[in-house]
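Read the structure below first, then the notes.
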Amino acid sequence: MRGGGYFKTTYAADLALVDTRLRRRALAALVFLLLVLPRVASPFILDLVAQTALAAVGALALNVLTGLAGQISLGHAGFIAAGAFTTGLLVENGLRSPLIALPAAAVVGAALGIVVGIPALRLKGLYLALGTLALHHVVLYACAEFQNHWGANTGVSVPPPALGPWVLKGVVAWYYALTLAAALTLALSVNLRRSRAGRAWMAIRDREIAAESVGIDVARYKVLAFVWSSAITAVAGALFAYHRAFVSVEAFGFFLAVEYIAMIIIGGLGSALGAVLGAAFVTLLPHVLDAMVAGLRLAGGAAYYLFPLKFGAFGLLMAVFLLFEPQGLVGIWRRVRNWFALWPLRYRPLRSAS
Amino acid sequence: MTQVLATTVVVASLYALLAAGYVLVYRATRVLNLAQGDMMTLGGYFLFLVATAAPGEPARAIAGAAALSALAGFLIYRLLMRPMAGHPIFAAVLVTVTLGILLRAAIVLVYTDRIRHPLGLLGLANPARPLIGGAVVSTFDLFTVGAAAALFAALFLFLRFSPLGIQMRAAGEKPLLASQRGINFHLVFALSWALAGFAGALAGILYANNVRLDPSLGVLGLKAFAVALVGGLDSLGGVVPGALIVALVEVLSVRYGDPLLADVSPFLCLLAMLLVRPWGLYGTKEELERV
């Protein structure tokens with residue numbers, strides 16, 4: 001616990017990401033659990049974890065932009081589409097190696113980030129959200145044109161990624177690959193937060209004029225936030241293309257962008273843990289509802305209502321979090337942790353602090 | 001050529017009806033209502049509801065649907081948006097996104113996602129009408145243009161001359177000052193939402209009769225919102241030129257480009273506007289600093 005009485009005495013301790021013994025043990029336990037999971041869990045569960053990990057990569061990337069730098073984006077699905085279609089385009093042209101596709105997706109994403117980031121310097125808040133929304137539609141239009149002219153009309157199929165003789169195939173392999181990708185993104189985003197850029201972003205998010213007056217180059221760091229975020233997002237899109245083995249414009253609608261925003265809102269804005277929790281929540285929610293409806297064993301017509309019910313439940317939960325728990329799952333987790341840490345005393349946060 | 005002009009005016013009228021909803025809500029509460037398109041769908045389904053209950057009475061059905069939609073707008077403000085007062089604007093905007101999701105889910109739950117045509121239920125027909133110069137439009141196209149013109153004229157008179165309209169403008173300009181002068185701004189905000197619901201419903205009712213009714217009509221709302229921005233988010237008068245520009249670009253790109261390009265053309269207009277003049281044709285420049 002990080003309560004009172006614990007002081008860092010060395011620079012090494014100050015730099016450490018995992019700073020207490022309890023945290024080290026918890027992390028070791030988590031890594032162990034993730035390594036052992038394929039031996040005990042069913043392929044279905046492994047696939048769910050893999051999907052969560054993939055969503056977490058995208059959510060962490062959006063969190064860099066919205067949670068840290070405070071720049072609102074409704075165009076996240078456009079960046080994912082850009083990464084996925086970059087992969088599709090390369091595969092169509094015979095460049096199948098992920099060693100080419102993943103960096104290429106990152107470069108395309110970064111370039112798009114600059115394209116959005118520079119006009120975004122003039123825009124704030126809502127207007128920025130609108131600009132990114134418009135860009136999402138433009139990117140999707142470009143992808144749709146590509147799909148109509150070069151791919152098969154319904155989409156582009158992507159073969160599994162191969163490194164020499166080794167081919168990434170099957171649930172377990174994808175589970176390891178995507179979990180690793182999520183872990184790397186998590187480490188990257190936690191470290192970004194501690195870097196010079198991360199501190200600059202948080203300063204810009206909290207008060208732009210104050211940030212500028214202490215010497216932060218606001219324009220540069222805003223564009224940088226877009227570049228980092230969209231590059232990671234595009235890599236997530238490339239992974240998405242490989243994982244689904246198929247790219248089609250229909251998968252990247254406005255609703256996907258809303259889902260990613262829901263992830264970081266439900267998880268808790270600005271927190272890497274929150275992005276992962278939110279990704280898990282949004283990915284697993286439809287399956288949990290499926291299981292609940294299956295458990296109820298309703299009459300034959302019920303299956304039809306499942307889709308709108310899931311859709312509605314998603315909207316309702318997002319609204320509930322926005323209205324009643326703006327700190328998200330991380331806020332709940334922090335309260336629970338403080339309750340245990342301070343027990344039997346109690347700590348009531350100031351109302352204005354929330 | 002006349003056909004292009006006629007189609008442009010018709011499309012612009014539909015967009016103007018929708019964009020009026022965006023501007024009304026934005027002027028009052030500084031919230032961009034991303035559920036406006038789904039409120040339009042809701043209006044169309046209210047018409048379907050009333051028409052199934054009492055078939056063959058178009059005037060009463062349309063009046064009933066519009067009234068129900070205005071009531072829905074009021075309830076949305078009271079139940080969802082008022083608790084968001086004091087939260088960041090973007091959180092409120094996201095609440096409208098969830099509202100859109102909830103409305104669409106509710107519509108699919110009740111009416112399934114089948115395409116409906118309330119025209120027959122109302123006992124009306126929609127014959128084509130040739131215009132001077134060789135252009136052909138449908139009867140409901142003409143009604144759409146008429147409805148948009150009537151709505152804008154009524155809104156202009158209401159905001160310019162009626163006490164409540166003047167209060168609305170005051171509350172939109174400076175809510176704090178307005179409330180200190182005794183203006184009940186919660187009433188004004190609720191009225192803005194009700195009017196937005198009404199304007200959206202008009203668009204929905206006309207579109208449902210003219211083309212079709214299905215739960216995914218809401219995507220039109222996103223296009224109309226390019227209209228609101230091109231005209232200026234806080235300018236009701238700017239909606240008309242904004243709608244004409246966006247509609248003209250869209251009609252031309254259908255004619256000389258392809259349908260995919262036409263779908264994206266409102267957003268290209270939006271992006272161009274954001275680059276050149278982010279506050280829109282008739283919006284106020286200070287607006288950018290406020291958000």
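The listed protein sequences correspond, in order, to chains H and V.
Here the first sequence is numbered in the working numbering, starting from 1 and rising by one per residue.
Here the second sequence is numbered in the working numbering, starting from 1 and rising by one per residue.
The beta carbon of each residue, even a glycine, is placed where N, CA and C say it ideally should be.
Residue i in three-state terms, based on DSSP
i, result
"H:ASN338", "helix"
"V:ARG277", "coil"
"V:VAL31", "coil"
"V:ARG212", "coil"
"H:TRP343", "coil"
"V:LEU124", "coil"
"H:GLY155", "strand"
"H:ARG23", "helix"
"H:ARG122", "coil"
"V:ARG116", "strand"
"V:ARG60", "helix"
"H:GLU145", "helix"
"H:PRO38", "helix"
"H:THR10", "coil"
"H:LEU95", "coil"
Test item: CB-CB of residue i and residue j under 8 Å
i, j, result
"H:GLY328", "H:ILE266", "yes"
"V:LEU159", "V:ARG169", "yes"
"H:ALA238", "H:ALA105", "yes"
"V:TYR15", "V:VAL227", "yes"
"V:ALA135", "V:THR2", "yes"
"V:LEU68", "V:LEU155", "no"
"H:ALA134", "V:PHE143", "no"
"V:ALA196", "V:LEU24", "yes"
"V:ALA66", "V:ALA201", "yes"
"V:ALA243", "V:ALA12", "yes"
"H:ALA59", "H:GLY278", "yes"
"V:TYR26", "V:LEU187", "no"
"V:VAL93", "V:LEU18", "no"
Neighbouring residues, chain V, relative to residue i (Cβ below 9 Å)
i, result
"H:VAL138", "VAL264, PHE267, LEU268 and LEU271"
"H:TYR260", "By Cβ distance, chain V contributes nothing, its closest Cβ being about 12 Å from H:TYR260, past 9 Å."
"H:ALA225", "Near H:ALA225 there are no residues of chain V at all, since even the closest Cβ is about 16 Å away, more than 9 Å."
"H:GLY315", "VAL97, THR98, LEU99, GLY100, ILE101, LEU102, LEU103, ARG104 and ALA105"
"H:LEU135", "PHE267 and LEU271"
Residue-level contact to chain A via CB, residue i, 8 Å cutoff
i, result
"V:ALA247", "Of the protein chains in the structure, H and V, none is chain A."
Chain-ordered chain V contacts of residue i [CB-CB under 7 Å]
i, result
"H:TYR305", "LEU109"
"H:PRO119", "LEU274 and LEU275"
"H:PRO308", "ALA105, VAL108 and LEU109"
Distance, residue j Cα to residue i Cα
i, j, result
"H:MET1", "H:LEU22", "Its pLDDT being 45, under 50, H:MET1 is placed unreliably by the model, and the measurement read from it follows with that caveat. C-alpha separation (whole angstroms): 7 Å."
"H:ALA353", "V:TYR45", "At H:ALA353, the pLDDT of 45 sits below 50, so the modelled position is not reliable; the number obtained from the coordinates is stated separately. Approximately 43 Å, taken between the alpha carbons."
"H:ALA181", "H:TYR141", "29 Å"
"V:ASP214", "H:PHE281", "30 Å"
"V:LEU32", "H:GLY170", "45 Å"
"V:LEU164", "H:SER230", "47 Å"
"V:ALA63", "H:LYS222", "50 Å"
"V:ASP141", "V:GLY204", "13 Å"
"V:ALA105", "H:PHE252", "19 Å"
"V:ARG212", "V:ALA72", "22 Å"
"H:SER73", "V:ALA199", "28 Å"
"H:ARG25", "V:LEU42", "53 Å"
"H:LEU306", "H:ASP290", "8 Å"
"V:THR139", "V:VAL97", "34 Å"
"H:TRP201", "V:LEU121", "57 Å"
"H:MET318", "H:LYS124", "24 Å"
"H:THR52", "H:THR283", "6 Å"
"V:ASN184", "H:LEU46", "56 Å"
"H:ALA162", "H:TYR260", "29 Å"
"V:ILE166", "V:GLY21", "18 Å"
Proximal chain H residues relative to residue i, where beta-carbon distance stays under 8 Å
i, result
"V:PHE380", "No answer is possible for residue 380 of chain V: it lies beyond the span of chain V, which begins at 1 and ends at 291."
"V:MET84", "LEU322 and LEU323"
Partners in chain H for residue i, counting only beta-carbon separations shorter than 7 Å
i, result
"V:PRO278", "ARG122, LEU123 and TYR127"
"V:LEU32", "LEU126"
Where residue i meets chain H, residues with beta-carbon distance less than 9 Å
i, result
"V:LEU260", "TYR141, ALA144, GLU145 and ASN148"
"V:HIS87", "LEU322, LEU323 and PRO326"
"V:LEU94", "VAL258, ILE261, ALA262, ILE265, MET318, ALA319 and LEU322"
Under 8 Å by beta carbon: chain V residues contacting residue i
i, result
"H:GLY312", "ILE101, LEU102, ALA105, ALA106 and LEU109"
Completely contained alpha helix (DSSP H) runs for the region 198-246 of chain H, where each covers 4 or more residues: 208-213 and 218-244
Any beta strand (DSSP E) of 3 or more consecutive residues that is wholly inside the region 162-198 of chain H: none
Start-end ranges of the beta strand (DSSP E) lying completely within the region 123-202 of chain V, minimum 3 residues: 128-130 and 136-138
In chain order, each alpha helix (DSSP H) run of at least 4 residues that lies wholly inside the region 9-58 of chain V: 36-53
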